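This note's numbering applies: residue 84 is where the sequence shown begins, and numbers increase by one.
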Amino acid sequence: MLKSRRGLLAAGLAVAVAGAFGVASTLSADAEQITPPTAAEASAAVEAPPTPPATLPWGERPKKLKRGQAGASSKSLRASGLAAAANDTSGSVIPKDEEGPKGRFRNAGDQLRTEKTDVAPPEPPSDSQDQTVNYLYNTGMQYAETDGVYANVTISKPRLEETDYHSLAELALQSADGRQIVEVGWTVDRLVNGDDDPHLFVYHWVDKQPSCYNGCGFVPYSKNIKPGDTLPQDVSKKFGIQYFKNAWWIAYDTEWVGYFPETLWNDKGISFNRSGLIQVFGEVASTTTTPCWTQMGNGKTPKKDGAAAKLASVTYLNGPTVELKIGSSTPAYTPYNQTLRTFQYGGPGPCEDPEDEG
């Protein structure tokens, strides 16, 4: 089981603060000769951290989510009606940043279909040490200028072959050219999470360059939920992204999780404070182009009966009417369009007989 990790910089603080307020001092002055700043002055010298909107993207005021004991499984969380649990018992409130493959979808002409990686799945194929990652998608997309997006997302526990990397579902808010992205969703990924349960994840891209899961500049806000936490399986929860006061905020269930500061892009000379493209999708990262037993979503075939996993009631904040264009990059998983805002996605994998779906 992977464990979470957790300084405080103090040296020279008194001199730095004193200098900021013009306190007269010399290198030979005794400490008693330096007049310390007042509490109000010291507070003003430190920039206050961003605060989230008063309401979640879906209009409800935040409240403490129902949390399970650290190490609880996704199955037990569902049975107890709980929203999340820490993935370990370290008590850390800092998300663990983990390296692992991550796909990126824009359209048929600009999607990350394959890449080489030196990160091997837990059980790499015996015939090759050179790992090629193949990404397969079921996607709903729309070019839309917005301040954010949210949706009801089915959280599942898809079966993942030992030689594959992950199966996930997510919301991706992007610039129109697809180079700047903020993502939130759930993933089954043994490399990142250490088990086969679904876990909350966040991710971002700057100028088309990948970062890492659950870290790389992400700032935690909630004391109850953090990226990497275990989520309940076979339930639907709200996930959201919203720009507010120089930050891209992430919401899950009843709380603000944390944020990506806009400076992550500004420091690269990039302005990214409004979307140009919204995508919601299921994604499988496989070592083959046709993963045999790996499931996407809940493993059920999307069809009229509505039993398959859904990305539902997609809503924009200060944006146009939602009219998603639904598509797939692979015949292995076929989406089913229910409305302009809702679609089913995923399936059992091409080797499984549909009659055997659980």
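Ideal placement from N, C-alpha and C gives every residue a C-beta, glycine not left out. Predicted model, so just to flag it, every value in this text is computed and none were measured.
Look up residue i in the DSSP assignment and give the residues it is bridged to.
i    : result
W288 : I264
G323 : Y233 and A334
I409 : G223
I361 : Q225 and L256
A168 : T313
Y296 : E181
W339 : A334
Q421 : Q421 is not bridged to any residue.
A368 : Y218 and H249
Let me confirm a value: residue i is counted as buried when at least 16 other C-beta atoms fall within 10 Å, else exposed. Which label applies?
i    : result
Y226 : exposed
S163 : exposed
A137 : exposed
E143 : exposed
A252 : buried
N276 : buried
Q472 : With the chain covering only 84 through 441, there is no way to say anything about residue 472.
D443 : Not covered by the structure: residue 443. The range shown for the chain is 84 to 441.
K351 : exposed
A312 : Sequence inspection shows Asp at residue 312; the Ala mentioned does not correspond to that position. That one is buried.
G389 : exposed
D451 : There is no way to answer for residue 451, as the model of the chain reaches only from 84 to 441.
Q263 : buried
T422 : exposed
N349 : exposed
D336 : buried
K321 : buried
T346 : exposed
K158 : exposed
T372 : exposed
C292 : First, the amino acid is wrong: residue 292 is Gln here, not Cys. The residue is exposed, with fewer than 16 neighbouring Cβ atoms inside 10 Å.
By DSSP, does residue i sit in helix, in strand, or in coil?
i    : result
R273 : helix
A162 : helix
L148 : coil
W348 : helix
S239 : coil
S396 : strand
S250 : strand
S157 : helix
F301 : coil
E143 : coil
E245 : coil
Q427 : strand
V318 : strand
In chain order, what residues of the same chain lie with their CB nearer than 8 Å to the CB of residue i, ignoring the 5 residues before and after it?
i    : result
Y400 : For clarity, residue 400 is Leu in the given sequence; the question names Tyr instead. The residues are P140, T229, D230, G231, V232, Y233 and Q325.
K387 : Y419
A168 : R150, G151, Q152, A153, G154, A155, L160, D312 and T313
Using a Cβ-Cβ cutoff of less than 6 Å, which residues in the same chain neighbour residue i once the five nearest sequence positions on both sides are dropped?
i    : result
P310 : P178, L283, F284, V285 and N297
G323 : P140, Y233 and A334
S294 : H287
Q427 : P385, A391, K393 and Y419
R424 : S396, V397 and V405
T237 : S319, A392 and K393
G410 : T222
Enumerate in chain order the residues of its own chain whose CB-to-CB distance from residue i is below 7 Å, with the five nearest sequence positions on each side excluded.
i    : result
P133 : K328, N329, A330 and Y342
N307 : K147, L148, R150 and E338
V265 : L256, H287, I324, W331 and F343
S239 : P281, Q316, D317, G380, N381 and A392
P145 : L139, T337, E338 and W339
Touching or not, the stretch 274-291 and the stretch 300-311, by the rule of three or more beta carbon pairs under 8 Å? yes
So does the stretch 239-246 actually touch the stretch 413-421, counting three or more Cβ pairs closer than 8 Å? no
Touching by the beta-carbon criterion (3+ pairs, under 8 Å), the stretch 340-349 and the stretch 389-408: no
Could you say if the stretch 213-221 and the stretch 254-274 meet the contact criterion of at least three C-beta pairs nearer than 8 Å? no
Count the C-beta pairs between the stretch 350-363 and the stretch 374-381 that are closer than 8 Å, then say yes if the count reaches three, no if not. no
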